[in-house]
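A quick write-up on the structure given underneath.
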Amino acid sequence: MRTVRVRVPASTANLGSGFDALGMALGLYDVVEVREAEHGLVVEVAGEGAGSVPTDERHLVVMGLRAACRMLGHTPGGLIVHCRNAIPHSRGLGASAAAVVAGIAAGYALADKELDERALQLAAEFEGHADNAAASMYGGFVLTWNDNN
């Protein structure tokens, strides 16, 4: 059974006139470890959100991971997910985008695939726009836009 570990940064997209277009990664990280198992789902959360976020299929890391695995044709039997969260929730630091990106990145790693443009598109579908997701996925300062407007 394969184990993967991903570290994703907090982000901000509240950057003046770049709202919902510009994003910037910050030096605060969530760390997620995922291990494939025979069956079932175990989600453990430490740090921010412990005791308040779902620990089942509704967990954003699990949702992102499952969506990525479906897209890539990888079907893990079961999953053991450990989340060590340092990004505060509901504070404008992209905690939900970081969780989704962590799940997608873990799904890609379990499927032995490199992150690609589809990974960002998938994260943007969860978030509604790509600003925080792109910053959490690629790091640094990002400019995003939607060609479908």
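Under numbering that gives the first Met the number 0, the residue at position 29 of the sequence shown is numbered 28, and the numbers go up by one with no gaps. A virtual CB, placed ideally from N, CA and C, is assigned to each residue, including glycine.
- In the three-state reduction of the DSSP assignment, Ser135 falls in the helix class, which pools H, G and I.
- By the beta-carbon neighbour count (other beta carbons within 10 angstroms, threshold 16), Leu142 is exposed.
- Ser89 sits in coil when the DSSP states are folded into three classes, being neither helix nor strand.
- Under a 10 Å Cβ-count criterion, Gly106 is classified as buried, with 16 or more other Cβ atoms of the shown protein chains found around its own Cβ.
- With contact defined as three or more Cβ pairs closer than 8 Å, the segment 62-81 and the segment 36-50 are in contact.
- Bounds of the beta strand (DSSP E) holding Val31 are Leu21 to Ala36.
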